[in-house]
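K.L.:
Protein chains in written order, with the working numbering: chain V, 2 to 266; chain H, 2 to 266. Cβ atoms here follow ideal geometry from the backbone N, Cα and C, with glycine treated the same way.
There are 2 protein chains.
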Amino acid sequence: MIDVQKQTICVPIIKINDNGIANTNDTIVKEDRVNIYLNGSKIISTMCILKDQDFHSIGFLMSEGVIENVDDIKDIEISKDGLNVYINAKINDDNISNLFHEKTLTSGCCVGVSANFEGKIIEKFLSQKVEFHLEQIRHYISEFQKNTDLFSNTGCTHKAMLFCDDKSFLSEDIGRHNAIDKVLGKAQILKIDTSKSLLIVSGRLSMEMVIKCAMHNVPVVISNAATTALGIKSAQNLGITLIGFARNGNMNIYTHGNRIILPQG
Amino acid sequence: MIDVQKQTICVPIIKINDNGIANTNDTIVKEDRVNIYLNGSKIISTMCILKDQDFHSIGFLMSEGVIENVDDIKDIEISKDGLNVYINAKINDDNISNLFHEKTLTSGCCVGVSANFEGKIIEKFLSQKVEFHLEQIRHYISEFQKNTDLFSNTGCTHKAMLFCDDKSFLSEDIGRHNAIDKVLGKAQILKIDTSKSLLIVSGRLSMEMVIKCAMHNVPVVISNAATTALGIKSAQNLGITLIGFARNGNMNIYTHGNRIILPQG
Numbered sequence: 002m003i004d005v006q007k008q009t010i011c012v013p014i015i016k017i018n019d020n021g022i023a024n025t026n027d028t029i030v031k032e033d034r035v036n037i038y039l040n041g042s043k044i045i046s047t048m049c050i051l052k053d054q055d056f057h058s059i060g061f062l063m064s065e066g067v068i069e070n071v072d073d074i075k076d077i078e079i080s081k082d083g084l085n086v087y088i089n090a091k092i093n094d095d096n097i098s099n100l101f102h103e104k105t106l107t108s109g110c111c112v113g114v115s116a117n118f119e120g121k122i123i124e125k126f127l128s129q130k131v132e133f134h135l136e137q138i139r140h141y142i143s144e145f146q147k148n149t150d151l152f153s154n155t156g157c158t159h160k161a162m163l164f165c166d167d168k169s170f171l172s173e174d175i176g177r178h179n180a181i182d183k184v185l186g187k188a189q190i191l192k193i194d195t196s197k198s199l200l201i202v203s204g205r206l207s208m209e210m211v212i213k214c215a216m217h218n219v220p221v222v223i224s225n226a227a228t229t230a231l232g233i234k235s236a237q238n239l240g241i242t243l244i245g246f247a248r249n250g251n252m253n254i255y256t257h258g259n260r261i262i263l264p265q266g
Numbered sequence: 002m003i004d005v006q007k008q009t010i011c012v013p014i015i016k017i018n019d020n021g022i023a024n025t026n027d028t029i030v031k032e033d034r035v036n037i038y039l040n041g042s043k044i045i046s047t048m049c050i051l052k053d054q055d056f057h058s059i060g061f062l063m064s065e066g067v068i069e070n071v072d073d074i075k076d077i078e079i080s081k082d083g084l085n086v087y088i089n090a091k092i093n094d095d096n097i098s099n100l101f102h103e104k105t106l107t108s109g110c111c112v113g114v115s116a117n118f119e120g121k122i123i124e125k126f127l128s129q130k131v132e133f134h135l136e137q138i139r140h141y142i143s144e145f146q147k148n149t150d151l152f153s154n155t156g157c158t159h160k161a162m163l164f165c166d167d168k169s170f171l172s173e174d175i176g177r178h179n180a181i182d183k184v185l186g187k188a189q190i191l192k193i194d195t196s197k198s199l200l201i202v203s204g205r206l207s208m209e210m211v212i213k214c215a216m217h218n219v220p221v222v223i224s225n226a227a228t229t230a231l232g233i234k235s236a237q238n239l240g241i242t243l244i245g246f247a248r249n250g251n252m253n254i255y256t257h258g259n260r261i262i263l264p265q266g
């Protein structure tokens, strides 16, 4: 259950709508700068909502290939104010230097992804034969479409939901990248078998989202929004089923549709 | 006029909608990695649509405070393939080191902004007394709401429009940060007096968007979407009028509403 109070502020606004002009209050999502420390060194700061910082940090570091296996994590500690995450883990130092060797602002503009991507991910291909019936996917999408308290109150958050067997895990953040890292990090820490899972996200699917799925072995990713040319190319190359514009019962299957069981006739 | 052909690709998809299941084609926006070189050194790469790369580069470098005045630009050249932008300009070397001294992934997740922001912008305050009638703003918003060919074809782009007197300038990109940098860079190169202008953007207004406005002396920024707590705080501190959820005739005025002339009674 999200503590909306803690993650939002209330501000006075002038509201102009069909009822006229009114001085009222509005609920606004609150972001903070969280610092991630790995083995005593600050790796990066990220603007995000103060929730699931541990999942977020692990998800991000594994998405970036800095931590290669959840079992390599020795301990995680979040400071009392929630602004610092301290992780001790076994890592390959090259992975950290890769993280920022190429400064690329991607569409959403996560720096670093492309570095480890070009360094290693490009060889990866998710070959698992997991299949989902169209009706099952439609059910997952309808679950995804239920608004959270935080979104209902602010209209300013992205969401990611991971579905695995009969379980589902939800994360949200001001950043679509963060929401995905949070839910994937949570799955890693809970030792969920993501190789059989399906991820649904809000916001567009650009290359870096697809790469996060590959890094966490998630074979199917679905968005309510569009995808880009590199999103499709990377999904094709990485063996990921990519579905876009998933709204109500409708959707576009862009890559590896063999994992979707369509009704006959 | 946007060359939709050049900025999109056509891919085969499985389309599932009320009409059933069909194999068809879909138009997808195409992003490329553009490298920005300043005085012979590569500053950064950015994933974007291959359009207005010169405006984009200048807008970004001025948003980041690396180039402080458009008159400091000696020359700009775009490589034939459109993937490299070469700029020669008078700069303060500290501004470049600031650009990446703090690695922060913001909500959208533009790295670097916060560095120069904390270094200098925080002292800035836009005090211009420019005013806009509500009906004028509603007219600008209705202009903004007209879809571009690229968005109509792909549903995957963000847009930024700058309104100044009777002129308007439009840019779009896969990234909302890029769209803003492109339109502001265009205004700088065309020597538009942005201190009397109004910017309307798609996508949420987080701190870094507000900072871009401050760097380019744009006093009023409007979004069809939400804003964040730091978006409001920075707009308050920087003297920027921030309006969100601007849809049809409705809007929320969050900060410095004194620039908006509301109808009496």
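1. DSSP on K31/H, reduced to helix/strand/coil?
2. Check distances from the C-beta atoms of the region 11-40 of chain H to those of chain V and list, in chain order, the residues that come in under 8 Å.
3. For the alpha helix (DSSP H) containing H1/V, list its first residue and its last residue.
4. Taking the C-alpha atoms as reference points, what is the distance between F213/V and L243/H?
5. Beta carbon of I142/H, beta carbon of I50/H: below 9 Å?
6. In chain order, what residues of the same chain lie with their CB nearer than 6 Å to the CB of M208/V, ignoring the 5 residues before and after it?
7. For K168/H, report the span of its beta strand (DSSP E) as first-last.
8. In this structure, how does DSSP classify F246/H when only helix, strand and coil are distinguished?
9. I'd like the span of the alpha helix (DSSP H) that includes A90/V, first residue to last.
10. Quick one: give me the first and last residue of the alpha helix (DSSP H) that R140/H is part of.
11. May I ask you to list the residues that DSSP assigns as paired with F56/H?
12. Does the beta carbon of I254/V come closer than 9 Å to any beta carbon on chain H?
13. Looking at the structure shown, is V71/H part of a helix, part of a strand, or coil, going by DSSP?
14. Would you mind telling me which residues of chain V sit closer than 7 Å to G258/H, beta carbon to beta carbon, in chain order?
15. Since E78/V sits in a beta bridge, which residues does DSSP pair it with?
16. Please decide whether N251/V counts as near chain H, where near means a Cβ-Cβ distance under 9 Å.
17. Taking Cβ-Cβ distances below 7 Å as the criterion, which residues of the region 141-152 of chain H are in contact with chain V?
18. Assign I223/V to one of two classes, buried (16 or more other C-beta atoms within 10 Å of its C-beta) or exposed (fewer than that).
19. Report the residue from L163/H, G204/H, G186/H, I261/H whose alpha carbon sits nearest the alpha carbon of R276/H.
20. Which of the three DSSP states, helix, strand or coil, is assigned to C157/H?
21. Check T195/V in the structure and name its three-state DSSP category.
22. In angstroms, rounded to a whole number, what distance separates the CA positions of V35/V and G186/V?
P.N.:
If we stick to the structure as given:
1. coil
2. V12, I14, I15, K16, I17, N18, D19, I22, D27, I29, V30, K31, E32, R34
3. Summary: the structure shown does not reach residue 1/V, with chain V confined to residues 2 through 266, and so no result is reported for it.
4. For clarity, residue 213/V is Lys in the given sequence; the question names Phe instead. Approximately 34 Å between the Cα atoms of the pair.
5. no
6. L231, G232, S235
7. 168-174
8. strand
9. Where A90/V is concerned, there is no enclosing alpha helix (DSSP H), although the beta strand (DSSP E) it sits in stretches over 85-90.
10. A small correction: the amino acid at residue 140/H is His; Arg does not occupy that position in the sequence shown. Unbroken alpha helix (DSSP H) run through H140/H: 135-145.
11. BP columns for F56/H are empty, so no partner.
12. yes
13. helix
14. I15
15. Y87/V
16. yes
17. none
18. buried
19. Chain H is shown only over 2 to 266; residue 276/H falls outside these bounds and no answer can be derived.
20. coil
21. helix
22. 16 Å
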